[in-house]
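Chemist: Sharing a structure here in structure tokens format.
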């Protein structure tokens with residue numbers, strides 16, 4: 002069969018994106034249960050496997066790859082650290098096909114907290130933990146679970162003391178994790194709109210809203226606190242993805258409009274108590290022209306990652322309670338600033354310098370004197386940040402990855418400049 006004969010038929014669907022018409026020749030491939038698509042995909046798979054089966058030493062190579070994978074151990078994924086060296090993390094064990102959720106207390110061993118298959122049935126398709134967050138008092142877990150291979154998720158609240166599902170499911174909780182109040186009495190979460198039976202499915206991810214749920218109250222009492230048409234003085238577009246969360250223990254609350262594909266977030270800020278009372282007065286901090294993509298509150302200032310007039314990124318700040326202009330705080334001597342985290346001992350900044358990453362700390366009293374964190378080897382860094390309500394902590398955790406070596410789970414203690422292995426299950430060299 003020639004390549005042209007194996008191609009599926011073209012059925013172009015044209016969509017008008019604000020005046021620009023884009024044609025999609027295979028839109029029907031997105032239809033679940035389409036018998037024609039399934040037949041074509043099955044034929045392609047069988048043809049490919051038949052061709053691969055003729056390759057010499059394929060079985061031998063496959064066994065070598067499998068043995069190398071099994072020699073590495075259990076693989077840790079997304080990590081939250083709500084208290085110093087008290088971890089919650091996803092881990093895929095060698096003997097399992099999906100990630101499970103574990104807790105590890107300081108000096109302890111991993112303890113299984115959640116197997117999502119015991120909550121949601123996948124009907125033959127994968128069941129996965131989409132996101133999770135732990136209340137600051139370490140008593141409750143909010144976990145979003147997907148099933149059936151879909152992009153949607155249902156949010157469940159679980160009591161960590163006994164593993165009991167106490168609330169939920171909250172359906173259509175697709176984007177982000179639940180953002181807890183500092184006192185653990187409630188959380189904010191993004192929720193997709195509920196479409197009617199005749200609605201266009203392409204509108205599924207439009208007009209999402211931020212809801213607030215008070216623990217112990219029925220879902221029907223949840224309030225919408227941010228989104229399109231919610232606040233008269235805040236402009237939100239239908240296509241914006243919106244979030245809102247407490248800024249640590251500062252008493253402030255931040256909201257963001259983002260597109261999911263560009264670093265030009267719109268940030269607003271207001272007092273948390275005003276949101277809870279239903280009378281917020283959102284103040285705009287950035288517009289899309291500011292090219293901002295990260296925000297933190299520390300002390301009397303708001304800190305932002307901006308690319309306005311700085312393609313490689315810069316950290317700027319402004320007073321949290323006022324309309325003063327942005328003030329430049331830090332530009333990397335070389336490389337691109339990717340993101341940053343705020344801790345009591347300073348600001349940690351992740352910089353891409355060529356291929357590898359660097360981790361810098363800017364002490365609060367001398368932010369112009371960046372300290373380079375010493376790493377055991379070169380690699381790419383992902384900072385373990387997460388729920389903004391976890392309060393003041395020192396030091397930071399991160400994953401150090403590489404194409405040629407197993408990822409290492411690292412930690413920098415407050416005031417130190419040398420990273421060390423975190424007390425977590427580590428992959429081994431095969």
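Numbering (the working numbering), first residue to last: 2 to 431.
For each residue, glycine too, the CB sits at the ideal point set by N, CA and C.
Remember, it's a predicted structure, so these values are computed and weren't measured experimentally.
1) For residue 384, which of helix, strand or coil comes out of DSSP?
2) Have a look at residue 250 and residue 324 and give me their C-alpha separation to the nearest angstrom.
3) Does the distance from the C-beta atom of residue 252 to that of residue 273 stay below 7 Å?
4) So what does DSSP say about residue 359, is it helix, strand or coil?
5) Near residue 264, what residues of its chain come up, given a Cβ to Cβ distance below 7 Å and the 5 sequence neighbours on each side ignored?
6) Would you check if the distance between the CB atom of residue 228 and the CB atom of residue 254 is smaller than 7 Å?
7) Work out the CA separation of residue 303 and residue 345 for me, nearest whole Å.
8) Please report the distance separating the alpha-carbon of residue 277 from that of residue 132.
9) How is residue 204 classed by DSSP in three states: helix, strand or coil?
10) Can you list, in chain order, the residues of its chain whose CB lies under 8 Å from that of residue 122, leaving out five sequence neighbours each side?
11) Between the alpha carbons of residue 417 and residue 88, how many angstroms are there, rounded?
12) Out of curiosity, what's the CA-to-CA distance linking residue 26 and residue 38?
13) How about residue 333 and residue 374: do their beta carbons lie closer than 7 Å?
14) Contact check, residue 338 vs residue 315 under 8 Å by CB: the rounded distance?
15) What are the boundary residues of the beta strand (DSSP E) that residue 167 is part of?
16) Is the separation between the beta-carbon of residue 214 and that of residue 244 shorter than 7 Å?
17) Taking only the alpha-carbon atoms, compute the straight-line gap between residue 414 and residue 393 and give it to the nearest angstrom.
18) Since residue 179 and residue 154 should fall inside the 8 Å C-beta cutoff, what is the C-beta to C-beta distance between them, to a whole number of angstroms?
Modeler: On the basis of the data shown:
1) For the purposes of this step, residue 384 is identified with residue 383 of the chain shown, where counting begins at 1. Strand.
2) Here residue 250 corresponds to residue number 249 of the chain shown, with the count starting at 1. Here residue 324 corresponds to residue number 323 of the chain shown, with the count starting at 1. Roughly 22 Å separates the two Cα atoms.
3) The residue labelled residue 252 in the question sits at position 251 within the chain shown. The residue labelled residue 273 in the question sits at position 272 within the chain shown. Contact flag set, yes.
4) For the purposes of this step, residue 359 is taken as the residue at position 358 of the chain shown. The answer is strand: DSSP assigns residue 359 an E or B state.
5) By 1-based counting over the chain shown, the position of residue 264 is 263. Same-chain partners within the cutoff: 292, 294, 308.
6) Here residue 228 refers to the residue found at position 227 of the chain shown. Here residue 254 refers to the residue found at position 253 of the chain shown. Contact: no.
7) Here residue 345 corresponds to residue number 344 of the chain shown, with the count starting at 1. Here residue 303 corresponds to residue number 302 of the chain shown, with the count starting at 1. Answer to the nearest angstrom: the Cα atoms are 15 Å apart.
8) Numbered from its first residue, the chain shown carries residue 277 at position 276. Numbered from its first residue, the chain shown carries residue 132 at position 131. Cα to Cα, the separation comes out at about 24 Å.
9) If you number the chain shown from 1, residue 204 lands on position 203. Here residue 204 sits in helix by DSSP.
10) Taking the first residue of the chain shown as 1, we reach residue 122 at position 121. Here the set comprises 128, 148.
11) The residue you call residue 417 lines up with position 416 of the chain shown. The residue you call residue 88 lines up with position 87 of the chain shown. Between residue 417 and residue 88, the C-alpha separation is close to 20 Å.
12) Translated into the one-based positions of the chain shown, residue 26 becomes position 25. Translated into the one-based positions of the chain shown, residue 38 becomes position 37. Each residue's Cα considered, the two are about 13 Å apart.
13) Within the chain shown, numbered from 1, the residue matching residue 333 stands at position 332. Within the chain shown, numbered from 1, the residue matching residue 374 stands at position 373. Not in contact: residue 333 and residue 374 (Cβ atoms no closer than 7 Å).
14) As a position in the chain shown, residue 338 is number 337, starting the count at 1. As a position in the chain shown, residue 315 is number 314, starting the count at 1. Sure, about 7 Å apart at Cβ, within 8 Å.
15) Along the chain shown, one-based indexing puts residue 167 at 166. It spans 166-171 - the beta strand (DSSP E) in which residue 167 sits, taken as one unbroken run.
16) As a working note, residue 214 is residue 213 in the chain shown. As a working note, residue 244 is residue 243 in the chain shown. No, Cβ-Cβ distance for residue 214 and residue 244 is not below 7 Å.
17) Start at 1 with the first residue of the chain shown, and residue 414 comes out as number 413. Start at 1 with the first residue of the chain shown, and residue 393 comes out as number 392. Looking at the two C-alpha atoms, the distance is approximately 14 Å.
18) Along the chain shown, read from residue 1 onward, the residue named residue 179 stands at position 178. Along the chain shown, read from residue 1 onward, the residue named residue 154 stands at position 153. Wrong, their Cβ atoms sit about 11 Å apart, outside the cutoff.
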